[in-house]
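Enquirer: Got a structure for you, written out below as structure tokens; questions coming shortly.
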Amino acid sequence: MRWSTTLIPTLKEDPADAEVISHKLLVRAGMIRQLSRGIYDYLPLALKVIRNIEAIVREEMDRAGAQELLLPIAAPAELWQESGRWEVYGKELVRFKDRHERDFCLGPTHEEVITDLVRRVVRSYRELPFNLYQIQTKFRDEVRPRFGLMRGREFIMKDAYSFHPSVEDGRREYQNMFETYRRIFTRCGLRFRPVEADTGAIGGSLSHEFQVLAESGEDAIVSCDHCDYAANIQKAEVKRQPHSGRDLKDSSPALKKVATPEKKSVAEVSAFLRLPADRFIKTMVYKVDGSERVAVLVRGDHEINELKLKSALRGQDVALAGEAEVQKATGVAPGFLGPIGLKLRTIADHAIQGMRGAVTGANEINAHLVEVDQERDFTPAAFADLRLAVAGDPCPRCAEGRLESYRGIEVGQVFYLGKKYSEKMGATYLDPEGREQPIEMGCYGIGISRLLAAAIEQNHDENGIIWPFALAPFQVLLLPINYADERIRKAADPLYDELRQRNIDVLLDDRDERPGVKFKDADLIGIPLRVTLGAKGLDKGCVELRRRRDGSMKEVPLEEAAATVQEAIQAGLSEEALQKN
RNA sequence: CGGGGCGUAGCGCAGCCUGGUAGCGCACCUGCCUUGGGCGCAGGGGGUCGGACGUUCAAAUCGUCUCGCCCCGACCA
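Under this note's numbering, think of the first position of the first sequence as 282, with each following residue one higher.
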């Protein structure tokens, strides 16, 4: 492609409305433009990258035995009412009426539509299993779209759904997809980590997320430095440890009330009493299923994991109580709550068990209790794993490891759904004994457009994007210093033709621009290889080959340039494929 | 949904407080010049100041409403 005939509207300055680096660079590199909140035009350069991602996804999905299909983006409300999600999904689901006043929605995901298709088609176990996928635009009316393509309302997604005659077969396919995702993200040239994940709104019993590692990621993840345990912080288990009581004398000093005027938070009381945060017991009041109030205890340096709390309460909805609600339920203001004498059902994190010499609120304004001994002074209804894991925690799976924490961008997630949709929607088959059975299901998503942004978050420098070879919109950029110069042009044009003959995706910067402008734009759009053709080099019969990633440069005889470029691309691709993840 | 901020040329911004002929940089067009990291000189085009209503002799500027975009937020006791 010749630059002069394409549309790559680069910008010198960051767009005013962009916050994160991928958003800034996508706009500055002329790849996307915003049409509306969370809705973007994909310009040619962006679409080329998307097509590259899609090609990798298709190859690997097909290789794994899945088949591509395409489902409608608009779906009738009835399907969503059947699954129960018409009511549950909320405002994220865009609804509209057609001219006959029938309710429809735009698909934010396609479990309903595909389950409906399959139940109308499949009769027998002989027709199972299979895995169907599509690559399609999705629409979710996010509360707060942000960060450019990272959280858009309209986005491109690959979604796959598999159907099985047994749990074992479903698990096999889950594993198959897990490995396929590993291959896909490895081939994309990304550093990533699969982590155990919560199943969230989609439902199901087993799930992993694929997180592209990037400082700017919205997700916190932890992984073991010793074994291969890794999990989203929301899901990460905490190993039950022996209690952290200070001194294990037979008896604790007597309980003592101390005045703590206006000191409410752990940080404030900790500073005031000169005691470390891990000596504190934090008491939080939760609304459970909207009515009951439950007190939850965690150590002062820990934080409650509401997902764990929810499962400890057998799946009831939990929400932190407001200040007025706390006052009403306990008779004291938040900040001075403690488990001793509290007339509420109380559950405590494991770390609370056996604590001695602890500090808690006194259940009266401006006072705390010190020298609290859990076994002596109070007994919660239950102990459970209720807190968020933190870096340094011992690994819940192996003996030696410690957890490290990272930030990540979720670009893929696999779910084992089981019978969740098939039972509700009556997707069944006849087993060999002639009995009707609900189909076992799994589903597997990849955020294609988010992957585009994540790749940039992970691969950029102060000058612009640094594309992995596997995703780059062009493999190589030809940069004639002065294309109007006949000698340079007569070197550039044949090289351009030869690269094209070798089936290499090449961009020729044939614009009548100053060299500086071309160099800046070249770095900005991030093509992995750049061949510079200038008078100095041509005097020696040479051109210059430069790698975008490390800036390394070498002179190459003009006649060998095409072959050298081809080798460099091969080398780059295999280097990416061998990257350890 | 709540709170805050911003809408002025394609992009980035000033002007608004204190009403009086709409500006700057970049980009763009023409010519000359220049050609290894966003050159130089000269000339030029482009704006219903987001929209509506109001106040006023007069509104980008003041008021009311409205639309759009950005950021923050569901309380860690």
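For every residue, glycine included, the Cβ atom is placed at its ideal position computed from N, Cα and C.
Thinking C-alpha only, which one of D666, F800, D802 and Q847 is nearest R521?
Expert: The residue labelled residue 521 in the question sits at position 240 within the first sequence. If we check each option's Cα against that of R521, D666 comes out closest.
Enquirer: Indicate the three-state DSSP secondary structure (helix, strand or coil) for K568 in the structure shown.
Expert: Position 287 of the first sequence, counting from 1, holds the residue named residue 568. Reduced to three states, the DSSP call for K568 is strand.
Enquirer: Sorted by chain position, which residues of the same chain lie with C-beta nearer than 6 Å to Q515's C-beta, five sequence neighbours on each side aside?
Expert: Position 234 of the first sequence, counted from the start, is the residue given in the question as residue 515. Around Q515: D479 and L588.
Enquirer: So, K439 versus V338, is the Cβ gap smaller than 8 Å?
Expert: Within the first sequence, residue 439 is the residue found at index 158, counting from 1. Within the first sequence, residue 338 is the residue found at index 57, counting from 1. In contact: K439 and V338 (Cβ atoms closer than 8 Å).
Enquirer: Buried or exposed for M706, going by 16 or more other Cβ atoms inside 10 Å?
Expert: Taking the first residue of the first sequence as position 1, residue 706 is located at position 425. Buried, by the Cβ-count rule.
Enquirer: Whose C-alpha, out of I437, E363 and R400, is nearest the C-alpha of Y323?
Expert: As a first step, residue 323 is located in the first sequence; it is residue number 42 there, counting from the start. Here the closest residue by C-alpha is I437.
Enquirer: Near I289, which residues of its chain fall below 7 Å by C-beta distance, leaving aside the five closest residues on each side in sequence?
Expert: By 1-based counting over the first sequence, the position of residue 289 is 8. For I289, where only same-chain residues beyond five positions count, the Cβ hits under 7 Å are G311, L326 and I806.
Enquirer: Name the DSSP beta bridge partners of Q718, please?
Expert: In the first sequence, counting from the first residue as 1, residue 718 sits at position 437. Y710.
Enquirer: What beta strand (DSSP E) runs, 3 residues minimum, are completely inside the stretch 573 to 650?
Expert: Segments of the beta strand (DSSP E) lying fully in the stretch 573 to 650: 573 to 580, 599 to 601, 626 to 630 and 639 to 642.
Enquirer: Look at the alpha carbon of E767 and the alpha carbon of H741, and state the distance between them as a whole number of angstroms.
Expert: Here the question's residue 767 lines up with position 486 in the first sequence. Here the question's residue 741 lines up with position 460 in the first sequence. Cα to Cα, E767 sits roughly 35 Å from H741.
Enquirer: Enumerate in chain order the residues of its own chain whose CB-to-CB distance from H583 is below 6 Å, with the five nearest sequence positions on each side excluded.
Expert: In the first sequence, residue 583 corresponds to position 302, counting from 1. So the list reads R668, once near-sequence residues are dropped.
Enquirer: I'd like the span of the beta strand (DSSP E) that includes R376, first residue to last.
Expert: In the first sequence, counting from the first residue as 1, residue 376 sits at position 95. Where R376 is concerned, the enclosing beta strand (DSSP E) stretches over R376 to K378.
Enquirer: By the DSSP assignment, the beta strand (DSSP E) with F696 in it spans what residues?
Expert: As a position in the first sequence, residue 696 is number 415, starting the count at 1. Looking at the DSSP string, the run of the beta strand (DSSP E) that includes F696 is L684 to G699.
Enquirer: On the three-state DSSP scale, how would you describe A495?
Expert: The sequence position of residue 495 within the first sequence is 214, counting from 1. Coil at A495, not helix or strand.
Enquirer: Helix, strand or coil for Y725, going by three-state DSSP, please let me know.
Expert: Position 444 of the first sequence holds residue 725. Three-state result, Y725: strand.
Enquirer: Could you spell out where the alpha helix (DSSP H) holding S364 opens and where it closes?
Expert: The residue labelled residue 364 in the question sits at position 83 within the first sequence. Note, S364: alpha helix (DSSP H), A358 to S364.
Enquirer: M312 by DSSP, collapsed to three states: which one?
Expert: Position 31 of the first sequence, counting from 1, holds the residue named residue 312. Looking at M312 - three-state DSSP - the assignment turns out to be coil, as it is neither helix nor strand.
Enquirer: Is the beta carbon of F750 less than 8 Å from the beta carbon of L590?
Expert: If you number the first sequence from 1, residue 750 lands on position 469. If you number the first sequence from 1, residue 590 lands on position 309. No, the pair does not count as a contact, with Cβ atoms beyond the cut-off.
Enquirer: Here's a check: name, in chain order, each residue in its chain whose Cβ is nearer than 7 Å to the Cβ of V448, leaving out the five neighbours to either side.
Expert: In the first sequence, the residue the question calls residue 448 occupies position 167. Excluding positions up to five away in sequence, the list reads E721.
Enquirer: CA-CA distance, G526 and P675?
Expert: Position 245 of the first sequence holds residue 526. Position 394 of the first sequence holds residue 675. Residue confidence for G526 is low, a pLDDT of 49 falling below 50, so the modelled location carries little weight and cannot support an answer.
Enquirer: Nearest CA to the CA of V607: which residue from Y725, I621, V566 and F420?
Expert: Here the question's residue 607 lines up with position 326 in the first sequence. Of Y725, I621, V566 and F420, the residue nearest in Cα terms is V566.
Enquirer: Just to confirm, are I331 and L430 a CB contact at a threshold of 8 Å?
Expert: Within the first sequence, the letter at position 50 stands for residue 331. Within the first sequence, the letter at position 149 stands for residue 430. Not closer than 8 Å, so no.
Enquirer: Q417 lies in the beta strand (DSSP E); which residues open and close that run?
Expert: For the purposes of this step, residue 417 is identified with residue 136 of the first sequence, where counting begins at 1. Element bounds for Q417: F411 to F420.
Enquirer: If you reduce the DSSP assignment to three classes, tell me which class N513 lands in.
Expert: Counted from its first residue, the first sequence places residue 513 at position 232. The answer is strand: DSSP assigns N513 an E or B state.
Enquirer: What's the C-alpha gap between G265 and K609?
Expert: This structure gives no information on residue 265, because the portion of the chain shown stretches from 282 to 862.
Enquirer: Please go through the same chain and pick out, in chain order, the residues whose beta-carbon is closer than 6 Å to the beta-carbon of G616, but skip the five residues on each side of it.
Expert: Taking the first sequence and counting its residues from 1, one reaches residue 616 at position 335. Excluding residues within five positions, the ones whose Cβ falls inside 6 Å are K545.
Enquirer: Could you say if the stretch 639 to 653 and the stretch 679 to 695 meet the contact criterion of at least three C-beta pairs nearer than 8 Å?
Expert: Touching, no.
Enquirer: Thinking C-beta only, is C724 closer than 8 Å to K462?
Expert: To locate residue 462, count along the first sequence from 1; it is residue 181. To locate residue 724, count along the first sequence from 1; it is residue 443. The sequence given here has Tyr at residue 462, not Lys. No. Outside cutoff.
Enquirer: Can you tell me whether DSSP reads T396 as helix, strand or coil?
Expert: For this step, residue 396 is matched to residue 115 along the first sequence. DSSP places T396 in helix when its eight states are reduced to three.
Enquirer: What's the call for L758, buried or exposed, on a 16-neighbour Cβ count within 10 Å?
Expert: Looking up residue 758 in the first sequence gives position 477. That one is buried.
Enquirer: Using the C-alpha atoms, what's the distance from I737 back to T813?
Expert: Position 532 of the first sequence, counted from the start, is the residue given in the question as residue 813. Position 456 of the first sequence, counted from the start, is the residue given in the question as residue 737. Each residue's alpha carbon lies about 24 Å from the other.
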